[in-house]
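Take a look at the structure below.
Laid out in structure tokens, this is it:
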């Protein structure tokens with residue numbers, strides 16, 4: 001009884017291109033750019049100053 005040897009010519013799989021990183025403001029907690037900051041480490045005055053300055057420039061949050 002003879003056994004047939006099958007040789008497969010396998011080509012390497014083409015990889016999908018990596019997805020482009022999101023741009024613009026972080027819109028979700030699932031966004032990898034989201035960085036959690038504890039309330040005790042947050043300076044709310046600086047946050048409000050930044051938001052007010054952005055609003056004056058006409059930037060959307």
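Residue numbers (the UniProt record's numbering): 1 to 61. Every residue gets a Cβ at the ideal spot worked out from N, C-alpha and C, and that includes glycine.
In chain order, each alpha helix (DSSP H) run of at least 4 residues that lies wholly inside the UniProt region "Disordered" (1 to 28): none
Every unbroken alpha helix (DSSP H) within the segment 32 to 61, with a cutoff of 4 residues, ordered by chain: 44 to 57
CB contact flag (residue 19, residue 33, <8 Å): Taking the first residue of the chain shown as position 1, residue 19 is located at position 19. Taking the first residue of the chain shown as position 1, residue 33 is located at position 33. Contact flag unset, no.
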